[in-house]
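J.:
Residue numbers (the working numbering): 20 to 220.
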């Protein structure tokens with residue numbers, strides 16, 4: 020953790036604002052690491068999870084993508100890129116959506132980031148995906164970290180999380196091994212674009 024915080028601090032030196040991206044497959048520990056980094060940096064830092072840019076359930080059903088929720092085309096990538104671009108402009112207060120995992124819906128304007136926050140830690144699956152609109156996101160990141168975790172540990176964590184938010188054990192396992200694992204294969208291919216790859220054990 021100390022090495023990660025130091026890398027972020029070094030990247031922020033001499034910049035008016037630094038945007039850090041933490042990427043990795045579902046269950047790899049992105050949210051935990053991002054939250055810890057922000058806590059250690061204190062009032063200068065703010066957290067921006069990609070999850071808030073999930074398309075609403077009604078939109079996913081209309082598009083026929085509800086059964087693939089979490090895939091690259093089930094997010095508002097344009098909105099995410101626009102939010103990051105707004106954070107590049109000095110002196111602005113930027114609002115962003117959060118995400119309610121219990122109902123799996125975005126929450127408009129749940130996050131407020133003031134101009135005093137000079138380090139923004141964004142975290143999400145597809146920050147390094149260089150296509151389908153995601154390249155605009157990657158271009159706005161100053162430092163990128165890709166988390167790698169043993170698949171057995173990652174899947175066990177993911178199944179437990181799905182159960183914690185209401186799925187039956189059978190449904191949790193099916194989702195983790197189905198849509199989540201399909202997405203993980205796409206995400207793993209983006210690791211080579213990261214500034215640093217971090218192996219977690």
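Cβ coordinates follow ideal geometry from the N, Cα and C atoms, glycine included.
Alpha carbon to alpha carbon, what distance is there between residue 25 and residue 154?
T.: Locating residue 154 in the chain shown gives position 135, counting from the first residue. Locating residue 25 in the chain shown gives position 6, counting from the first residue. Distance between the alpha carbons of residue 154 and residue 25 is about 26 Å.
J.: What is the C-beta distance between residue 210 and residue 216, in whole angstroms, given that I count them as a contact (C-beta under 8 Å)?
T.: Numbered from 1 along the chain shown, position 191 holds the residue referred to as residue 210. Numbered from 1 along the chain shown, position 197 holds the residue referred to as residue 216. At roughly 6 Å, the Cβ-Cβ gap stays under 8 Å, so residue 210 and residue 216 are in contact.
J.: DSSP state of residue 62, grouped into three classes?
T.: Counting from 1 along the chain shown, the entry for residue 62 is found at position 43. Residue 62: helix per DSSP, three-state reduction.
J.: Can you grab the Cα-Cα spacing for the pair residue 137 / residue 69, in whole Å?
T.: Working through the chain shown from its first residue, we reach residue 137 at position 118. Working through the chain shown from its first residue, we reach residue 69 at position 50. C-alpha separation (whole angstroms): 19 Å.
J.: Relative to the C-alpha of residue 194, which candidate in 146, 181 and 150 has its C-alpha closest?
T.: In the chain shown, the residue the question calls residue 194 occupies position 175. Comparing Cα positions, the closest option is 181.
J.: Bridge partners for residue 217 per DSSP, in chain order?
T.: The residue you call residue 217 lines up with position 198 of the chain shown. In the DSSP output, where bridge partners are listed per residue, residue 217 has 166.
J.: Considering only residues of the same chain and omitting the five flanking positions on each side of residue 109, which have a CB-CB separation below 8 Å?
T.: Translated into positions along the chain shown, residue 109 becomes position 90. Cβ neighbours of residue 109 beyond the five flanking positions: 35, 36 and 134.
J.: Would you kindly report the start and end of the unbroken alpha helix (DSSP H) that includes residue 111?
T.: Within the chain shown, the letter at position 92 stands for residue 111. Where residue 111 is concerned, there is no enclosing alpha helix (DSSP H), given that its DSSP letter is neither H nor E.
J.: Three or more beta-carbon pairs under 8 Å between the region 122–131 and the region 75–84, yes or no?
T.: With the cut-off at 8 Å, the region 122–131 and the region 75–84 touch.
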